[in-house]
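Worksheet: one structure, shown below.
Protein chains: 2
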Amino acid sequence: MVRAWHLKSRPHGLPAADDFELKDVALPELGEGMVRVRNRWLSVDPYMRGRMNDAKSYIAPFQLGEPMDGGAIGEVLESRADGFAPGDLVQHMAGWRDEAVVPARAVNKLPDFAVEPQQFLGVLGVPGATAWFGLLDVAAAKPGETVFVSAAAGAVGSAVVQIAKAKGMTVVGSAGAADKCNYVRSLGADHVLDYKAGPIRKSLAAAVPDGIDVYFDNVGGDHFDAALALARNHARFAICGMIGDYNSAEPPSFRFMTRIIAARIRIRGFLVIDYMGRMGEFYAGMAPLVASGAVTSRDTVYDGLEAAPDAFLGLFSGANTGKMLVRL
Amino acid sequence: MVRAWHLKSRPHGLPAADDFELKDVALPELGEGMVRVRNRWLSVDPYMRGRMNDAKSYIAPFQLGEPMDGGAIGEVLESRADGFAPGDLVQHMAGWRDEAVVPARAVNKLPDFAVEPQQFLGVLGVPGATAWFGLLDVAAAKPGETVFVSAAAGAVGSAVVQIAKAKGMTVVGSAGAADKCNYVRSLGADHVLDYKAGPIRKSLAAAVPDGIDVYFDNVGGDHFDAALALARNHARFAICGMIGDYNSAEPPSFRFMTRIIAARIRIRGFLVIDYMGRMGEFYAGMAPLVASGAVTSRDTVYDGLEAAPDAFLGLFSGANTGKMLVRL
Numbered sequence: 074m075v076r077a078w079h080l081k082s083r084p085h086g087l088p089a090a091d092d093f094e095l096k097d098v099a100l101p102e103l104g105e106g107m108v109r110v111r112n113r114w115l116s117v118d119p120y121m122r123g124r125m126n127d128a129k130s131y132i133a134p135f136q137l138g139e140p141m142d143g144g145a146i147g148e149v150l151e152s153r154a155d156g157f158a159p160g161d162l163v164q165h166m167a168g169w170r171d172e173a174v175v176p177a178r179a180v181n182k183l184p185d186f187a188v189e190p191q192q193f194l195g196v197l198g199v200p201g202a203t204a205w206f207g208l209l210d211v212a213a214a215k216p217g218e219t220v221f222v223s224a225a226a227g228a229v230g231s232a233v234v235q236i237a238k239a240k241g242m243t244v245v246g247s248a249g250a251a252d253k254c255n256y257v258r259s260l261g262a263d264h265v266l267d268y269k270a271g272p273i274r275k276s277l278a279a280a281v282p283d284g285i286d287v288y289f290d291n292v293g294g295d296h297f298d299a300a301l302a303l304a305r306n307h308a309r310f311a312i313c314g315m316i317g318d319y320n321s322a323e324p325p326s327f328r329f330m331t332r333i334i335a336a337r338i339r340i341r342g343f344l345v346i347d348y349m350g351r352m353g354e355f356y357a358g359m360a361p362l363v364a365s366g367a368v369t370s371r372d373t374v375y376d377g378l379e380a381a382p383d384a385f386l387g388l389f390s391g392a393n394t395g396k397m398l399v400r401l
Numbered sequence: 074m075v076r077a078w079h080l081k082s083r084p085h086g087l088p089a090a091d092d093f094e095l096k097d098v099a100l101p102e103l104g105e106g107m108v109r110v111r112n113r114w115l116s117v118d119p120y121m122r123g124r125m126n127d128a129k130s131y132i133a134p135f136q137l138g139e140p141m142d143g144g145a146i147g148e149v150l151e152s153r154a155d156g157f158a159p160g161d162l163v164q165h166m167a168g169w170r171d172e173a174v175v176p177a178r179a180v181n182k183l184p185d186f187a188v189e190p191q192q193f194l195g196v197l198g199v200p201g202a203t204a205w206f207g208l209l210d211v212a213a214a215k216p217g218e219t220v221f222v223s224a225a226a227g228a229v230g231s232a233v234v235q236i237a238k239a240k241g242m243t244v245v246g247s248a249g250a251a252d253k254c255n256y257v258r259s260l261g262a263d264h265v266l267d268y269k270a271g272p273i274r275k276s277l278a279a280a281v282p283d284g285i286d287v288y289f290d291n292v293g294g295d296h297f298d299a300a301l302a303l304a305r306n307h308a309r310f311a312i313c314g315m316i317g318d319y320n321s322a323e324p325p326s327f328r329f330m331t332r333i334i335a336a337r338i339r340i341r342g343f344l345v346i347d348y349m350g351r352m353g354e355f356y357a358g359m360a361p362l363v364a365s366g367a368v369t370s371r372d373t374v375y376d377g378l379e380a381a382p383d384a385f386l387g388l389f390s391g392a393n394t395g396k397m398l399v400r401l
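Residue numbers (the numbering used here), protein chains in the order written: chain V, 74 to 401; chain B, 74 to 401.
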């Protein structure tokens, strides 16, 4: 029997395990142009928190009582679509379940790179592309500049650190525990700040007293304010996620907001879906870095479909180093 | 005797009258290349509040016990510089006083437009250029777009309203009293919001339920948050001033900050001094609008050098409609 996670209730603030329900589902018939896929890896991502609210956004909200979805890597079991055969490894959006019947046009065969398939959910997938385009396009970071990245031990942040180092930038990364800080240091970051050890603004000012040219924001809140405080003239902020603010009942406050004027700061929010037409450019730049070992990745893996909500909730308690995955 | 306003003490929060002191000063000798100028009009501007703090910024802070300065229009009384003769009307930065000896290279003869000289402190001066470049360059506002501008009855805001209307945009302006709202309406704004009559976010949503493409920020705080809430995809914010936040002890909080990501908002602080090399472009575009009456201006005038601090303080209590000036 096929099982899928359903959204049982809309969380207020931090989601809880009983907002989710694992239920049997019937698969549709395998029509012409469809493939049946057995999932091997599921992705859980911070943006899914937004989909749990009943709010208009760039992506439809999860519906109450309906199966959830998200990125996944699976193996084709059965195909009625040209170009797909049993055994093919594919990437698709019918995650949060063990098996799915999906239209072949919504499925991508994995490119033939010598990497593990789950890397297409990480460093060569959405998190890697988010890091690449956020750093190099949105923030237009240049060799020789100083880049501050928050949540630097996360899937996106760890890719930002390594891409920036590969491109000749000075990198300051923040993370929230000693082992994560060690991991960020191992990626080549010039300065690593443990934000749980003291106010991030003070540690950032101590690490780079001359300030930062680029801020890659994954967390919002006090990190964002610290970046405002330390921004050099004409600094650019790429706003990728504000995970610290998604579940907060109190709106974030920014003591250094008025610096945006004197320092002529440019702040830009972005979504990687706007770059899907440029994935070829990303593969061309990123695959050699991964192949050469200049960009490595580390996953935090939870086992079994039952563990998917715990993996998701772990994103908000800092349980992951690198990409958070569920292995089926 | 020549008199000049001196900064007596650095204010915390809102400045007060006794932070200023009017004292006699001795003028330097009129050396070669210098002019002696009798001031006719003094400008007081919100940015001067920042100069009262002892903080590194884009412009040097006022020094305690020293004369202050700022924009002024004056008449040359005596000249030892080529190209300047008694009777010439000039613009310069030795304001906050009645008379000054200044190097001719720091003085601009007023262009020969058929306008009142004090307009070069307003609609054809720094406030007008701020409106022009902020709207058309920083925010890249286009015909047909919807523009929200805060402090729309102020010197910059009133110019933004009129430039935007002249360029075929839909304009929403906010102001803080019935007479100011009437003034903004008279400038052609499509919607005028009295922010003292209720929460600005609700009135903005009621006026333009489909949202805004551009926000021209003069005040920060709840206006900025309202603009975040109503921003359409790919909206651009030009951050010119956050007058509501300059004197605030409490840091501003933003409930809708995370919308920057989903709506891909671009927020950019700017200083008009970065556009000084493009003033010719501004005059070429703006002077015809002023000459044709498409862009008008209104001043709030305080009389006499003694009134300068009151005029300045009035900026923070909303005492001005249009440009705040001191007439000597």
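In this text, a Cβ means the ideal position worked out from N, Cα and C, and glycines have one as well. Predicted model, so just to flag it, every value in this text is computed and none were measured.
Between the region 321 to 338 of chain V and the region 169 to 186 of chain V, are three or more C-beta pairs nearer than 8 Å? no
Could you have a look at B:R122 and say whether DSSP puts it in helix, strand or coil? Walking along the second sequence from the start, residue 122 of chain B turns up at place 49. Here B:R122 sits in helix by DSSP.
Cβ pair B:H165, B:A158 closer than 9 Å: Here residue 165 of chain B corresponds to residue number 92 of the second sequence, with the count starting at 1. Here residue 158 of chain B corresponds to residue number 85 of the second sequence, with the count starting at 1. Result no, Cβ atoms of B:H165 and B:A158 do not sit closer than 9 Å.
Does the distance from the CB of V:L162 to the CB of V:R113 come in under 9 Å? Position 89 of the first sequence, counted from the first residue, corresponds to residue 162 of chain V. Position 40 of the first sequence, counted from the first residue, corresponds to residue 113 of chain V. For V:L162 and V:R113, yes; Cβs fall inside 9 Å.
May I ask you to verify whether the region 83 to 103 of chain B touches the region 112 to 131 of chain V, counting CB pairs closer than 8 Å and requiring at least 3? no
Three CB pairs or more closer than 8 Å across the region 341 to 349 of chain B and the region 206 to 216 of chain B: yes
So, using beta-carbon positions, are B:V211 and B:R309 closer together than 9 Å? For the purposes of this step, residue 211 of chain B is taken as residue 138 along the second sequence, with counting starting at 1. For the purposes of this step, residue 309 of chain B is taken as residue 236 along the second sequence, with counting starting at 1. Cβ atoms of B:V211 and B:R309: closer than 9 Å.
Please check if any C-beta of chain V sits within less than 9 Å of the C-beta of B:R305. Within the second sequence, numbered from 1, the residue matching residue 305 of chain B stands at position 232. Chain V, which has no Cβ nearer than 9 Å to the Cβ of B:R305, makes this no.
Is the beta carbon of B:G143 closer than 9 Å to that of B:L115? On the second sequence, residue 115 of chain B is found 42 positions in, with the first residue counted as 1. On the second sequence, residue 143 of chain B is found 70 positions in, with the first residue counted as 1. It is a contact, given that the beta carbons lie within the stated cut-off.
Do you know whose CA, among V:D283, V:R274, V:A280 and V:S326, lies nearest V:A299's CA? Here residue 299 of chain V refers to the residue found at position 226 when the first sequence is read from its first residue. Answer by Cα proximity: V:R274.
Taking 8 Å as the limit between beta carbons, can you name the residues of its chain near B:G402, skipping five residues before and five after? Shown here, chain B extends from 74 to 401; a query on residue 402 of chain B therefore has no answer.
Which partner residues does B:A212 have in the DSSP bridge list? Position 139 of the second sequence, counting from 1, holds the residue named residue 212 of chain B. Answer by DSSP bridge pairing: none, since B:A212 is not bridged.
Over what stretch of residues does the alpha helix (DSSP H) that includes B:Y256 continue unbroken? Within the second sequence, residue 256 of chain B is the residue found at index 183, counting from 1. Run containing B:Y256: A251 to S259, per the alpha helix (DSSP H) assignment.
Starting from V:P140, follow its DSSP beta bridges and name the residues at the other end. Within the first sequence, the letter at position 67 stands for residue 140 of chain V. BP columns for V:P140 point to V:H79.
Using DSSP with H/G/I as helix, E/B as strand and the rest coil, what is B:R351? Looking up residue 351 of chain B in the second sequence gives position 278. Helix.
Interface residues of chain B facing V:L344 [CB-CB closer than 8 Å]: For this step, residue 344 of chain V is matched to residue 271 along the first sequence. Near V:L344 (Cβ distances below 8 Å), the residues of chain B are I334, A335 and R337.
Threshold first: 3 residues or longer. Then list the beta strand (DSSP E) segments lying entirely within the region 284 to 332 of chain V, N to C. 285 to 290 and 304 to 312
For B:V196, which residues in the same chain have their Cβ closer than 7 Å to its Cβ, ignoring the five residues on either side in sequence? Translated into positions along the second sequence, residue 196 of chain B becomes position 123. A232, V363, V368 and S370.
Kindly indicate which residue of V:P84, V:R124 and V:G366 has the alpha-carbon position closest to the one of V:L260. Stepping through the first sequence from its first residue, residue 260 of chain V is reached at position 187. Among V:P84, V:R124 and V:G366, the Cα nearest to that of V:L260 belongs to V:G366.
Once the 5 residues before and after V:A280 are set aside, which same chain residues still bring their CB inside 7 Å of it? The count along the first sequence starts at 1 and reaches residue 280 of chain V at position 207. These residues qualify, in order along the chain: V245, H264 and L266.
Residues of its chain near B:E105, where Cβ-Cβ distance is below 6 Å and the 5 sequence neighbours each way are ignored: Taking the second sequence and counting its residues from 1, one reaches residue 105 of chain B at position 32. So the list reads R153, once near-sequence residues are dropped.
So the candidates are V:G293, V:R170 and V:G395; which of them puts its Cα closest to the Cα of V:Y256? In the first sequence, the residue the question calls residue 256 of chain V occupies position 183. Here the closest residue by C-alpha is V:G395.
Pull the bridge partners of V:N466 from the DSSP assignment, please. Given a span of 74 to 401 for chain V in the structure shown, any question on residue 466 of chain V remains unanswerable.
Between V:G143 and chain A, is there a C-beta pair that is closer than 9 Å? Of the chains in the structure shown, none is chain A; the protein chains are V and B.
Give the residues of chain V in contact with B:S326, contact being defined as C-beta atoms less than 8 Å apart. On the second sequence, position 253 is the one that residue 326 of chain B refers to. Per Cβ cutoff of 8 Å: E323, P324, P325, S326 and F327.
Status (buried if at least 16 other CB within 10 Å, exposed otherwise) for V:L137: Here residue 137 of chain V corresponds to residue number 64 of the first sequence, with the count starting at 1. Under this definition V:L137 is an exposed residue.
Residue range of the beta strand (DSSP E) that V:V245 falls in? Locating residue 245 of chain V in the first sequence gives position 172, where the first residue counts as 1. Segment T243 to A248, the beta strand (DSSP E) holding V:V245.
With the cut-off set at 9 Å, would you say B:A373 and B:L398 are in Cβ contact? Start at 1 with the first residue of the second sequence, and residue 373 of chain B comes out as number 300. Start at 1 with the first residue of the second sequence, and residue 398 of chain B comes out as number 325. Inspection of the sequence shows that residue 373 of chain B is occupied by Thr rather than by Ala. Cβ atoms of B:T373 and B:L398: closer than 9 Å.
Compare the Cα-Cα distances from B:F329 to each of V:G342, V:T331, V:F329 and V:A90 and report the closest residue. On the second sequence, residue 329 of chain B is found 256 positions in, with the first residue counted as 1. Cα-wise, what sits closest to B:F329 is V:G342.
So is B:H307 buried or exposed if we call it buried at 16+ other beta carbons inside 10 Å? Locating residue 307 of chain B in the second sequence gives position 234, counting from the first residue. With fewer than 16 other Cβ atoms within 10 Å, it is exposed.
What are the start and end residues of the alpha helix (DSSP H) that includes B:R109? Within the second sequence, residue 109 of chain B is the residue found at index 36, counting from 1. B:R109 -> not in any alpha helix (DSSP H); beta strand (DSSP E) instead, spanning M107 to S116.
Helix, strand or coil: how does DSSP classify B:E151 here? What you label residue 151 of chain B is simply residue 78 of the second sequence in a count that begins at 1. Strand, per DSSP.
Taking CB distances under 9 Å as the criterion, tell me whether B:I273 reaches chain V. Translated into positions along the second sequence, residue 273 of chain B becomes position 200. Residue contact with chain V for B:I273: absent (no Cβ-Cβ distance below 9 Å to any residue of chain V).
Rounded distance between the beta-carbons of V:P324 and V:G293, thought under 8 Å: In the first sequence, counting from the first residue as 1, residue 293 of chain V sits at position 220. In the first sequence, counting from the first residue as 1, residue 324 of chain V sits at position 251. That pair is no contact at about 11 Å.
Please confirm if V:C254 has its CB atom under 9 Å from at least one CB of chain B. In the first sequence, the residue the question calls residue 254 of chain V occupies position 181. No, because no Cβ of chain B sits closer than 9 Å to the Cβ of V:C254.
Please state if the CB of V:L301 and the CB of V:P88 are separated by a distance shorter than 9 Å. Here residue 88 of chain V refers to the residue found at position 15 when the first sequence is read from its first residue. Here residue 301 of chain V refers to the residue found at position 228 when the first sequence is read from its first residue. For V:P88 and V:L301, no; Cβs fall outside 9 Å.
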